[in-house]
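Enquirer: Residue numbers (the working numbering): 18 to 88.
A virtual CB, placed ideally from N, CA and C, is assigned to each residue, including glycine.
Have a look at this one.
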Amino acid sequence: MVTAAKIILVLLMLFMVVNLFRALFAMLRNDPTKPSMTKYLGQRVMFSAIAIVVIVILLASGLLTPNPRPY
């Protein structure tokens, strides 16, 4: 279960990076017939929110343990 959750988190992070570069190319292209840059940035924010929710759920359920405090 933990391994599957970590794979999902890595895929979400990968999608965030991909959408960031898609937004970059959409901004540089500036073609009104193609999707705008805000679509890709919005998807990136959505994937970030999903990743945060998944991390909070895993921490609350005890499946994911945070690093111990150093002091």
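(1) K56: which of A68, F42 and L80 sits nearest, CA to CA?
(2) Can you tell me which of the three DSSP states G59 falls into?
(3) Between R39, R61 and K23, which lies nearest to M33 when the distance is taken from Cα to Cα?
(4) Going by beta carbon distance, what residues of the same chain come within less than 6 Å of A40, once the five residues before and after it are set aside?
(5) Give a yes or no on whether the C-beta atoms belonging to L26 and A68 are separated by under 8 Å.
(6) Taking the continuous alpha helix (DSSP H) assigned at N36, which residues delimit it?
Expert: This is what the structure gives:
(1) Minimum Cα distance to K56 is reached at F42.
(2) helix
(3) R61
(4) The residues are M54, Y57 and L58.
(5) yes
(6) V19 to R46
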